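Structure first, then comments.
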Amino acid sequence: MRSRRRYLVLRVISRGRLNEEDFKALRRLILERMLLLYGLRGLSYGVPRLLDTYPERGMAILACSNRTVSMIRAALASLEEFRGEKILPYVIKITGTYRRAFEVLRSYTPEDLRMSTQ
Amino acid sequence: MIPPDMLSREGIDSFISLLKELDIKLVALTARNREEIRQLRDLARRYDEDVDIVVRLNISTKERSSLLKLLKARREVEVVAVECLTQSIARIAAKDSRVDLLYFPFKQRVSLGATEVRLRDDRATWGVELRFWDLVRCEKWILLQRIREAIALALSQGVPIVLTSGARDFLELRSPRDMAFILSLFDVNEEDAIKSIADNPFEIVKRNREKLSGSHVLPGVKVVGRDEGYEISTKVPGIESYQPRKIK
Numbered sequence: 029m030r031s032r033r034r035y036l037v038l039r040v041i042s043r044g045r046l047n048e049e050d051f052k053a054l055r056r057l058i059l060e061r062m063l064l065l066y067g068l069r070g071l072s073y074g075v076p077r078l079l080d081t082y083p084e085r086g087m088a089i090l091a092c093s094n095r096t097v098s099m100i101r102a103a104l105a106s107l108e109e110f111r112g113e114k115i116l117p118y119v120i121k122i123t124g125t126y127r128r129a130f131e132v133l134r135s136y137t138p139e140d141l142r143m144s145t146q
Numbered sequence: 035m036i037p038p039d040m041l042s043r044e045g046i047d048s049f050i051s052l053l054k055e056l057d058i059k060l061v062a063l064t065a066r067n068r069e070e071i072r073q074l075r076d077l078a079r080r081y082d083e084d085v086d087i088v089v090r091l092n093i094s095t096k097e098r099s100s101l102l103k104l105l106k107a108r109r110e111v112e113v114v115a116v117e118c119l120t121q122s123i124a125r126i127a128a129k130d131s132r133v134d135l136l137y138f139p140f141k142q143r144v145s146l147g148a149t150e151v152r153l154r155d156d157r158a159t160w161g162v163e164l165r166f167w168d169l170v171r172c173e174k175w176i177l178l179q180r181i182r183e184a185i186a187l188a189l190s191q192g193v194p195i196v197l198t199s200g201a202r203d204f205l206e207l208r209s210p211r212d213m214a215f216i217l218s219l220f221d222v223n224e225e226d227a228i229k230s231i232a233d234n235p236f237e238i239v240k241r242n243r244e245k246l247s248g249s250h251v252l253p254g255v256k257v258v259g260r261d262e263g264y265e266i267s268t269k270v271p272g273i274e275s276y277q278p279r280k281i282k
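Taken in sequence, the protein lines are chains A and B. Every number in the numbering used here is 28 more than the matching position in the first sequence, counting from 1. Every number in the numbering used here is 34 more than the matching position in the second sequence, counting from 1.
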């Protein structure tokens with residue numbers, strides 16, 4: 029059965045600002061976590077690709093197969109640290125087209141989060 | 035689950051924004067004693083319009099007497115959770131109708147089997163709490179087997195599973211939908227996984243709010259009005275010939 033493509037608009041909240049390189053490293057981390065949780069069988073359904081980033085808002089678009097959406101979401105939620113700092117990654121929206129994902133990325137205005145509690 | 039000591043006045047606003055951002059509709063603030071319950075209730079009342087905030091009492095003890103003493107605070111909180119540190123505590127808590135959640139620290143070698151659940155047809159009055167970070171940060175692989183067995187037993191006996199974040203920091207919070215997918219690793223189907231983050235916790239809170247409202251009499255019986263006459267719209271078979279039992 030042919031798998032369909034999905035686009036995940038995700039956001040990463042962290043104490044420091046992430047740049048484009050950080051998002052590439054984060055994608056690698058997601059892959060490692062998927063391998064740990066679901067093994068080679070899980071990865072064989074397809075690996076996510078980083079399509080677009082919006083570092084100012086800590087947002088990015090990942091493209092993946094519809095079969096791996098749940099795996100990526102679980103792997104993403106289980107990411108605890110990135111370069112020694114705690115992070116909070118989460119999926120904002122899943123779309124069927126890149127165009128729609130890009131619209132979400134562009135129009136999304138996250139709540140003003142002041143992570144100054146610690 | 036957020037411990038109260040992290041909730042400074044300045045942090046509350048960003049905390050509420052973050053909850054909205056992550057689409058978290060219900061948050062339980064954890065108290066460990068009566069003083070904390072009072073403080074958190076004040077806080078919950080102030081911010082209840084934005085997000086549904088409930089106060090939960092976490093009882094973590096190895097002594098039966100202190101468990102029963104803390105359970106007296108039942109009417110002050112929406113959720114009571116007992117950490118099953120010993121088999122006897124697990125057994126007592128499972129039989130007590132005041133308990134809403136049982137949490138098994140899997141390192142303690144106490145499992146759901148210790149509660150001797152034999153529900154199947156009957157509905158459980160409590161649920162099993164699974165903390166997301168316990169599942170992810172599993173230090174020993176042998177613990178994974180215990181978690182899997184506990185989940186399988188709970189599902190086979192009709193005990194509701196409640197998946198919580200177990201967060202101790204803002205950045206440990208996770209989107210509920212993202213968290214639910216981790217249960218697929220333990221062979222929980224999507225429907226049960228969604229129930230564990232949505233229906234089951236809401237049902238516990240709804241049931242307890244009803245009890246706390248004062249209209250609750252017994253399970254299945256509640257006061258719907260006072261000092262007014264009521265028309266019986268549906269005929270109950272055998273109600274006319276009903277004779278109350280004579281008490282000797």
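Backbone N, C-alpha and C define an ideal beta-carbon position, used for all residues, glycine too. It should be emphasised that the depicted structure is a prediction, and the values quoted were computed from it without experimental measurement.
Rounded to the nearest whole angstrom, the CA to CA distance from asparagine 223 of chain B to serine 275 of chain B is 49 Å. Where aspartate 233 of chain B is concerned, the enclosing alpha helix (DSSP H) starts and stops at 233-246. Among the residues of the region 103-129 of chain A, those with a Cβ less than 8 Å away from any Cβ of chain B are Leu104, Ala105, Ser106, Glu108, Lys114, Ile115, Leu116, Tyr118, Val119, in the order of the chain. For isoleucine 120 of chain A, there is no enclosing alpha helix (DSSP H); the enclosing beta strand (DSSP E) has its first and last residue at 113-123.
When DSSP states are grouped into helix, strand and coil, glutamate 84 of chain A belongs to the coil group. Boundaries of the alpha helix (DSSP H) around leucine 77 of chain B: 68-81.
Secondary structure at glutamate 108 of chain A: coil, using DSSP grouped into helix, strand and coil. Under the DSSP assignment, leucine 36 of chain A falls in the beta strand (DSSP E) whose first and last residues are 33-42. Our two residues, alanine 128 of chain B and tryptophan 160 of chain B, have alpha carbons roughly 7 Å apart in a direct line. When C-beta distances to chain B are compared with 9 Å, the residues of the region 40-51 of chain A below that value are Ile41, Ser42, Arg43, in chain order. When rounded, the separation of the alpha-carbon atoms in glycine 74 of chain A and cysteine 92 of chain A is 7 Å.
With fewer than three CB-CB distances shorter than 8 Å, the region 39-49 of chain A does not count as touching the region 63-77 of chain A. Between leucine 60 of chain B and proline 235 of chain B, the C-beta gap is smaller than 8 Å, which places the two residues in contact. Using a Cβ-Cβ cut-off of 7 Å, valine 170 of chain B is close to Ser106 of chain A, given in chain order. The C-beta of leucine 252 of chain B has fewer than 16 other C-beta atoms within 10 Å across all chains shown, which makes the residue exposed. Annotation: the continuous beta strand (DSSP E) that includes alanine 65 of chain B extends over 60-65. The beta-carbon separation of leucine 107 of chain A and leucine 57 of chain A, rounded to 6 Å, stays under the 8 Å limit for a contact. Look at serine 98 of chain A: its C-beta is under 8 Å from a C-beta on chain B. Leucine 178 of chain B has its alpha-carbon roughly 21 Å from the corresponding atom of glutamate 206 of chain B.
Per DSSP, the unbroken beta strand (DSSP E) holding glycine 161 of chain B starts and ends at 161-165. For serine 131 of chain B, no beta strand (DSSP E) encloses it, and the DSSP letter there is neither H nor E. Within the model, the alpha-carbon separation for glycine 248 of chain B versus arginine 108 of chain B is close to 13 Å. When the alpha-carbon of valine 97 of chain A is set against those of A:Leu133, A:Thr123, A:Glu49, A:Tyr136, the nearest one is in A:Thr123. In terms of beta-carbon proximity, arginine 101 of chain A lines the interface with chain B, with at least one pair separated by less than 8 Å. Contact between the region 50-57 of chain B and the region 90-101 of chain B is absent, with fewer than three C-beta pairs closer than 8 Å. Interface criterion not met: the Cβ of arginine 72 of chain B is under 8 Å from no Cβ in chain A.
Under the three-state reduction of DSSP, glutamate 97 of chain B is assigned to coil, being neither helix nor strand.
CA-CA distance, aspartate 221 of chain B to glutamate 173 of chain B, rounds to 20 Å. DSSP places valine 258 of chain B outside both helix and strand once states are collapsed to three, so it counts as coil. The count of Cβ pairs closer than 8 Å, one atom from the region 100-118 of chain B and one from the region 130-143 of chain B, reaches three, so the stretches are in contact.
If you look at leucine 133 of chain A, you'll find it isn't in any beta strand (DSSP E); it sits in the alpha helix (DSSP H) that goes 126-135.
Secondary structure at serine 93 of chain A: strand, using DSSP grouped into helix, strand and coil. If you look at alanine 115 of chain B, you'll find it in the beta strand (DSSP E) that goes 113-118. Per DSSP, the beta bridge partners of valine 89 of chain B are B:Leu63.
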